[in-house]
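**Q** Position 164 (the sequence shown) corresponds to 163 in numbering that gives the first Met the number 0; numbering is contiguous. Note that CB positions come from ideal geometry on N, CA and C, so glycine has one too. If you're wondering where the values come from, they're calculated on a predicted model, not measured in any experiment.
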Amino acid sequence: MPKFIIKIEEKDNELLNNDDICCYFADEKSNKKVLALAKTSDKLVFGEGVEFCLEAELDGVLIRHQVDEKFAKYIKPIQKQLKKQYMGIYCQPSRHEAMIASEAEPDFVIFDVNENNQKEALEVMPWYSELFLIQSAVSYFEKIDEKLLNFADFIILNASTYKILVDKIKRLD
0 MPKFIIKIEE KDNELLNNDD ICCYFADEKS NKKVLALAKT SDKLVFGEGV EFCLEAELDG
60 VLIRHQVDEK FAKYIKPIQK QLKKQYMGIY CQPSRHEAMI ASEAEPDFVI FDVNENNQKE
120 ALEVMPWYSE LFLIQSAVSY FEKIDEKLLN FADFIILNAS TYKILVDKIK RLD
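Set out below in structure tokens:
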């Protein structure tokens, strides 16, 4: 079963102490008090956006940028800015984008999946997990095919989607 990365949105001590959650992520809109609590936990905290990650002294950054032929030129200066921070790169579920993102040597690639590209994700993610050693994550903010959970190392979701998914898994067991 994959591990979960939860978006920090509101105070929820239950999620801050949950062993199934391996890390949290925040953006500039995140609640500052909850972000401070997450940083004191024994879990990693990622930021969306390099400047925010560095200013908040977070453990890693999630990078959302167009993945194309110019991507390497965009990512090289960012890699120099990051010292010990982890890096995750978002890409669409396509083989081409997954290869370009992986060439940047991130710690993990995040497949940005939604209702419109689930079919592509179901084709690309098994291929990716067989071919690449770089870990993968799937962004799971909508109702998507749960088969994708079998091919990702991490699932990125918000607190409410996490609670719904966990309840559903418990009912199936």
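(1) Determine, using beta carbons only, whether P92 and N116 come nearer to each other than 7 Å.
(2) Please classify E47: does DSSP put it in a helix, a strand, or coil?
(3) Name the residue from S128, K118, F70, E129 whose alpha carbon lies nearest to the alpha carbon of A103.
(4) Where DSSP assigns a beta bridge to D111, which residues make up the other side?
(5) Should the region 161 to 168 be regarded as contacting the region 117 to 136, the criterion being three or more beta carbon pairs within less than 8 Å?
(6) Hey, quick one: how far does the beta strand (DSSP E) through K2 stretch, first residue to last?
(7) Is it right to say E122 is buried, meaning 16 or more other beta carbons lie within 10 angstroms of its own, or is it exposed?
(8) Cβ of Y127 within 6 Å of any heavy atom in the ligand HEM?
(9) G46 and L57 look like a contact to me (Cβ under 8 Å); what is the Cβ gap, rounded to whole Å?
(10) Beta-carbon within less than 6 Å of I62's beta-carbon, same chain only, minus the 5 sequence neighbours each way: which residues are those?
(11) Under a Cβ-count criterion, where at least 16 other Cβ atoms within 10 Å of its own Cβ denotes burial, should S159 be classed as buried or exposed?
(12) Report the option in N157, E141, W126, R170 whose CA atom is closest to the CA atom of N149.
(13) Which same chain residues end up closer than 7 Å to L15 when comparing Cβ atoms and leaving out the 5 residues on each side of it in sequence?
(14) Looking only at C-alpha atoms, which of N30, D26, P76 sits nearest to C52?
(15) Can you round the beta-carbon distance between D106 and P1 to whole angstroms, since I take them to be within the 8 Å contact cut?
**A** According to the structure shown:
(1) The sequence position of residue 92 within the sequence shown is 93, counting from 1. The sequence position of residue 116 within the sequence shown is 117, counting from 1. Their beta carbons are under 7 Å apart, which means P92 touches N116 by this criterion.
(2) Taking the sequence shown and counting its residues from 1, one reaches residue 47 at position 48. The answer is strand: DSSP assigns E47 an E or B state.
(3) Stepping through the sequence shown from its first residue, residue 103 is reached at position 104. Checking every option, the nearest Cα to that of A103 belongs to F70.
(4) For the purposes of this step, residue 111 is taken as the residue at position 112 of the sequence shown. DSSP output for D111 lists S138 as bridge partner(s).
(5) no
(6) Residue 2 sits at position 3 when you count from the first residue of the sequence shown. Where K2 is concerned, the enclosing beta strand (DSSP E) stretches over 2 to 6.
(7) Reading the sequence shown from its first residue, position 123 is the one you call residue 122. Exposed.
(8) Of ligands this structure carries none, so the ligand HEM is not represented either.
(9) Residue mapping note: residue 46 aligns to position 47 of the sequence shown, counting from 1. Residue mapping note: residue 57 aligns to position 58 of the sequence shown, counting from 1. The Cβ separation is near 4 Å, so the contact holds.
(10) Here residue 62 refers to the residue found at position 63 when the sequence shown is read from its first residue. I88.
(11) Here residue 159 is taken as the residue at index 160 of the sequence shown, counted from 1. Label assigned to S159: exposed.
(12) The count along the sequence shown starts at 1 and reaches residue 149 at position 150. Closest by alpha carbon: W126.
(13) Counted from its first residue, the sequence shown places residue 15 at position 16. Cβ within range, chain order: L36, A37, S40.
(14) On the sequence shown, residue 52 is found 53 positions in, with the first residue counted as 1. The option with the nearest alpha carbon to C52 is D26.
(15) Along the sequence shown, read from residue 1 onward, the residue named residue 106 stands at position 107. Along the sequence shown, read from residue 1 onward, the residue named residue 1 stands at position 2. With a Cβ gap of about 15 Å, D106 and P1 do not count as contacting.
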